[in-house]
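>
Numbering (my numbering), first residue to last: 4 to 82.
(1) Per DSSP, which residues does residue 35 bridge with? Please list them.
(2) Mark residue 5 as exposed unless 16 or more other C-beta atoms lie within 10 angstroms of its C-beta, in which case mark it buried.
(3) Distance check for residue 81 and residue 46, CA to CA, integer angstroms please.
(4) May I ask which residues mark the beginning and end of the beta strand (DSSP E) holding residue 77?
(5) Please tell me whether residue 50 and residue 33 are closer than 8 Å, where the distance is taken between their beta carbons.
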């Protein structure tokens, strides 16, 4: 998720889902320790990747600077 964070060996990230798992609205998928990123002089920008593009009808991502639990940041619709 992070940019240039490999050397942190995943420490700032807690992932709650597995590859291929279906998720529901409001389900926590990951947490990031932003303070740890800052201490290690890493950017807090996050990358989101949607795979299986052929199965996706629409992707809408809202521009936001900060989000909290259960806030909608976008929408992905399957075909």
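In this text, a Cβ means the ideal position worked out from N, Cα and C, and glycines have one as well.
Let me spell this out:
(1) Under DSSP, residue 35 shares a beta bridge with 16.
(2) Here residue 5 is buried, its C-beta having at least 16 other C-beta atoms within 10 Å.
(3) So the alpha carbons of these two residues sit roughly 31 Å apart.
(4) Per DSSP, residue 77 is one residue of the beta strand (DSSP E) stretching across 77-81.
(5) No, the pair does not count as a contact, with Cβ atoms beyond the cut-off.
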